[in-house]
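K.L.:
First the structure, which I've put down as structure tokens, then a few questions once you've had a look.
Numbering (the working numbering), first residue to last: 228 to 312.
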């Protein structure tokens with residue numbers, strides 16, 4: 228009895244070993260952005276629904292758009308009072 232991997236050549240095995248981790252990492256990123264959009268308290272309900280729809284239907288591109296545009300940013304700088312000498 229042979230396995231399905233016995234029919235693959237070395238090139239197919241190398242491609243599978245390269246693309247499988249990359250695919251899993253991209254799926255994890257997509258899932259992370261989806262969960263982040265659902266739990267993001269910085270968005271109102273309608274914005275949250277729109278971002279979830281974009282991420283689900285546009286897949287990785289939607290997750291990348293949310294990562295660069297949709298996520299709320301932290302404060303640019305913390306203003307501390309000046310120290311007296």
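Beta carbons: idealized from backbone N, C-alpha and C, even for Gly.
Let me know the secondary structure DSSP gives residue 289 once reduced to three states.
P.N.:
Along the chain shown, one-based indexing puts residue 289 at 62. Three-state result, residue 289: helix.
K.L.:
Between the stretch 237-244 and the stretch 257-275, can you find at least three pairs of beta-carbon atoms closer than 8 Å?
P.N.:
Cβ pair count under 8 Å is below three, so no.
K.L.:
Evaluate residue 285 with the Cβ neighbour count: other Cβ atoms within 10 Å of its Cβ, from every protein chain shown; 16 or more gives buried, anything less gives exposed.
P.N.:
Locating residue 285 in the chain shown gives position 58, counting from the first residue. Exposed, since its Cβ has fewer than 16 Cβ neighbours within 10 Å.
K.L.:
Between 239, 261 and 287, which has its C-alpha nearest residue 298's C-alpha?
P.N.:
Walking along the chain shown from the start, residue 298 turns up at place 71. Checked all of 239, 261 and 287; the closest Cα to residue 298 is 261.
K.L.:
Excluding five sequence neighbours on each side, which residues of the same chain lie with their C-beta closer than 8 Å to the C-beta of residue 253?
P.N.:
In the chain shown, counting from the first residue as 1, residue 253 sits at position 26. Closer than 8 Å at the Cβ level, and outside the excluded window around residue 253, lie 287.
K.L.:
Among 264, 250 and 251, which one has its Cα closest to the Cα of residue 295?
P.N.:
Taking the first residue of the chain shown as position 1, residue 295 is located at position 68. Out of 264, 250 and 251, 264 has the C-alpha closest to the C-alpha of residue 295.
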